[in-house]
DNA sequence: GCACTAATAACCGAATCGGTCAAGAGGTTG
DNA sequence: CAACCTCTTGACCGATTCGGTTATTAGTGC
């Protein structure tokens, strides 16, 4: 593991991305070390040199993702946004920006939730716990609903936006190109349209 | 293949579902005949008895899904719906009802779009062509926009609904339980809320 | 030229791959 | 009962791939 840390950052991220992609795409058991080595353009032996075993590599990735998530979650930036739509937009932007440089984390994280291999089952909590925390803080607040023409619509609209975010993620999962800026632009426009039609006149700035 | 058709319908669907699930989950190369045999509670040899080879089985599934899609696509039922939201709701209902009895078709179809194995690459069109046709007919029509308070919102709202449908699919992909009725109920409520807030008063019957 | 290090080609036994086949198990005829 | 037929599968095939190891190489500083 210290052997791995001695590498240049570029080489490290190449290897981590390859591993995240393979595990994310195939799951723990079906992803082979050879798959990862080929994707990272290094030899299979090097992977074992760096991480010792397949299981150690997987656990390293879980902890790596946990740290990344902790890093991007800026509670203050979110709390300062008092408006529901602004808050969703801000958190999405934060998320997207970080995934722009870490393109395979998203599918890896979602694959962890479906992982069933007994080899790593008891290690999954490293990540699942953290992602839960992340989601729980992006929450609908009581006074958000008051801005709606029909306050009872606030909950469903919030759920719809979460659903749409999952739709975006699903649409581009596995795709080799992902134009983040276009997606965010699209999402921003959708949010603007929803706000315009659901908010009372007085809250349309 | 006639050996397979001689089986009882129950046994046939068990085997097909197992195969759809494995190929859908792992992709062509990573899914093994043994995986499928275990999931179907039959022996590996039987799979070869029924289908001859792994490739033949995969192609059989492609054609099987094609037929199912052709079957559920009821053009008349859609054309008779003049309202955008009604049309989306109707097509979603048709889709959901059929997937209720064919729970693994959805993830199999979406996996086909990501398939890259050269063994089956030239056979994928069997299904991809058909699913394209299916989607192209669920289209936004010119006069739909006229019912909107802001006609330019019609396109984005339509896209949002498609996105949400993908979100639902993604959320329950791989999950072993999927309460179709609850999901449809949820979707219906969302559609009603959107309609209420986006349509001109005069179109809210 | 020499020592040290980092990367990998070659290799290991074990497991699994797609695919085959002959030995049953079970049922139907005489 | 014997003879026959159909269907299922355990056991097996050679080939490949698995996770993991090791011995050799290529590069670097002195």
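Chains as they are written, first to last, in my numbering: chain A, 219 to 423; chain B, 219 to 423.
Built from N, CA and C at the ideal position, the CB exists for glycine as well.
- Message: Determine, for residue 338 of chain B, whether the minimum Cβ-Cβ distance to residues of chain A falls below 9 Å.
- Response: no
- Using the rule of at least 16 other Cβ atoms within 10 Å of the residue's Cβ for burial, across every protein chain shown, is residue 242 of chain A buried or exposed? buried
- Using the C-alpha atoms, what's the distance from residue 399 of chain A back to residue 341 of chain B? 35 Å
- Message: Check this for me: beta carbons of residue 380 of chain A and residue 287 of chain A, under 9 Å apart or not?
- Response: Taking 9 Å as the Cβ cut-off, residue 380 of chain A and residue 287 of chain A do not qualify as a contacting pair.
- Grab the span of the alpha helix (DSSP H) containing residue 357 of chain B for me, first residue to last. Premise fails: residue 357 of chain B is in no alpha helix (DSSP H) and is neither H nor E.
- C-beta atoms of residue 322 of chain B and residue 238 of chain B nearer than 9 Å: In contact: residue 322 of chain B and residue 238 of chain B (Cβ atoms closer than 9 Å).
- Query: The alpha helix (DSSP H) with residue 323 of chain B in it runs from where to where?
  - Reply: 323-330
- Message: Check whether chain A comes within 9 Å of residue 377 of chain B, counting only Cβ atoms and requiring the distance to be less than that.
- Response: The beta-carbon of residue 377 of chain B is placed less than 9 Å from the nearest beta-carbon of chain A.
- Message: I want to see whether chain B comes within less than 9 Å of residue 420 of chain A, judged by CB atoms only; does it?
- Response: no
- Message: Mapping the DSSP letters down to three states, classify residue 366 of chain B as helix, strand or coil.
- Response: strand
- Task: Under 6 Å Cβ to Cβ from residue 290 of chain A, same chain only, skipping five residues before and after it: list those, please.
- Result: 312, 316
- Query: Exposed or buried, what is residue 325 of chain A when buried is set at 16 or more other beta-carbons lying within 10 Å of its beta-carbon?
  - Reply: buried
- Item | Chain-ordered chain A contacts of residue 390 of chain B [CB-CB under 9 Å] | Taking a Cβ-Cβ threshold of 9 Å, none of the residues of chain A is close to residue 390 of chain B; the smallest such distance is about 10 Å.
- Beta-carbon spacing of residue 216 of chain B, residue 254 of chain B below 9 Å: With chain B running from 219 to 423 in the structure shown, residue 216 of chain B is simply not present.
- Query: Does any C-beta atom of chain A lie closer than 9 Å to the C-beta of residue 371 of chain B?
  - Reply: Contacts with chain A at 9 Å (Cβ-Cβ) include residue 371 of chain B.
- Among A:368, A:270, A:252, A:378, which has the Cα closest to the Cα of residue 262 of chain A? Residue A:252 holds the alpha-carbon nearest to the alpha-carbon of residue 262 of chain A among A:368, A:270, A:252, A:378.
- Message: Let me confirm a value: residue 408 of chain A is counted as buried when at least 16 other C-beta atoms fall within 10 Å, else exposed. Which label applies?
- Response: buried
- Check the C-beta distance from residue 302 of chain A over to residue 362 of chain A and give it rounded, since I have them as a contact under 8 Å. 4 Å
- Task: Just mark residue 221 of chain A as buried or exposed, buried being the case when its beta carbon has 16 or more other beta carbons within 10 Å.
- Result: exposed
- Using a cut-off of 8 Å between C-beta atoms, extract the partners of residue 326 of chain A located in chain B. What residue 326 of chain A touches in chain B, judged by beta-carbon distance under 8 Å, is nothing: the nearest beta carbon there is about 15 Å away.
- Tell me, please, which residues DSSP counts as bridged to residue 421 of chain A. Under DSSP, residue 421 of chain A shares a beta bridge with no residue.
- Item | Partner residues on chain B for residue 385 of chain A, Cβ-Cβ distance less than 9 Å | 378, 380, 381, 382, 383, 384, 385, 386, 387, 388
- Message: Cutting at 6 Å between CB atoms, please list the residues of its own chain near residue 314 of chain B, excluding the five before and the five after it.
- Response: 398, 402
- Task: Starting from the beta carbon of residue 374 of chain A, find every residue of chain B whose beta carbon is closer than 8 Å, and list them in chain order.
- Result: 407, 408, 411
- With a CB to CB cut of under 7 Å and the five nearest residues on each side skipped, what residues in its chain are close to residue 327 of chain B? 283, 345, 349
- Alpha-carbon to alpha-carbon, residue 371 of chain B and residue 358 of chain B: 12 Å
- Task: Over the uninterrupted alpha helix (DSSP H) stretch that includes residue 256 of chain A, give me the two end residues.
- Result: 251-258
- Exposed or buried, which one is residue 227 of chain B when buried takes at least 16 other CB atoms within 10 Å? exposed
- Task: State buried or exposed for residue 388 of chain A, treating a residue as buried only when at least 16 other CB atoms are found within 10 Å of its CB.
- Result: When all chains shown are included, residue 388 of chain A counts as buried.
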